[in-house]
Amino acid sequence: MTDMDSVKQWTVLVVDDEPDNIGVVEKLLTFYGAKVWTASNGMQALQILNEITPSFILLDLSMSVMDGWETLKAIQAQQKLAQVPVIALTAHAMSGDLERVQAAGFNGYIPKPLRLATFLMDIRQCLAGGQGRTTDEFRSVESAPR
2 MTDMDSVKQW
12 TVLVVDDEPD
22 NIGVVEKLLT
32 FYGAKVWTAS
42 NGMQALQILN
52 EITPSFILLD
62 LSMSVMDGWE
72 TLKAIQAQQK
82 LAQVPVIALT
92 AHAMSGDLER
102 VQAAGFNGYI
112 PKPLRLATFL
122 MDIRQCLAGG
132 QGRTTDEFRS
142 VESAPR
């Protein structure tokens, strides 16, 4: 099985209050064969999680209704979901944010803006126990000449 074939086995819940962000992630993952569910806030995500158990969750941190921090706590409190990896997918890319995400119990951290060329690799790295793209890597991309 190739790396791309493994994506076909994924069921992913993407939680973000920005429709454009959801659209990009959903299109990319479905292009490679993943089954994608979407929610625009934490409350909606928890309702969906009553119906499915995803392979992993991509969770924005700053959302109205219920933010990613509260959503993670609610997910961790449910026995059937406690082992589902949750990856922070966030524009929070300031000094200390990675440590805060790790301390909260996220399984990884992928800062926005997404790098489409490495997005699947970033997810795999998080799922394997890495951190995805680090804050320093994020800053180097942002400060690179265009």
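All residue numbers for the sequence shown refer to the working numbering, where the first residue is 2 and numbers rise by one. Note that CB positions come from ideal geometry on N, CA and C, so glycine has one too. Bear in mind that the values here come from a model prediction, so they are computed numbers and not experimental data.
Residue i burial status per 10 Å Cβ neighbour count (16 or more: buried)
i: Met106; result: The displayed chain sequence assigns Gly, not Met, to residue 106. The residue in question, Gly106, is exposed, as its Cβ has fewer than 16 Cβ neighbours within 10 Å.
i: Pro150; result: In the structure displayed, the chain extends from 2 to 147; residue 150 sits before or after that span and is not available.
i: Asn51; result: exposed
i: Arg147; result: In this prediction, Arg147 has a pLDDT of 32, which is less than 50 and means its spatial position is unreliable; nothing more can be read from the coordinates.
i: Gly130; result: exposed
i: Ala78; result: exposed
i: Gly69; result: buried
i: Ala46; result: buried
i: Leu30; result: buried
i: Pro112; result: buried
Reduced DSSP secondary structure (H/G/I, E/B, other) of residue i
i: Val85; result: coil
i: Thr72; result: helix
i: Thr39; result: strand
i: Val13; result: strand
i: Leu117; result: coil
i: Ala145; result: With a pLDDT of 37 at Ala145, under the threshold of 50, the modelled position of that residue is not reliable, and no figure is offered here.
i: Thr54; result: coil
i: Leu90; result: strand
i: Gly24; result: helix
i: Leu62; result: coil
Within 8 Å, strictly: CB atoms of residue i and residue j
i: Gln43; j: Glu71; result: Sequence inspection shows Gly at residue 43; the Gln mentioned does not correspond to that position. Yes.
i: Leu90; j: Asp17; result: yes
i: Leu73; j: Val13; result: no
i: Thr54; j: Val85; result: yes
i: Val15; j: Val37; result: yes
i: Ile88; j: Asn108; result: yes
Within 8 Å, do at least three Cβ pairs link the segment 115–124 to the segment 24–40?
yes
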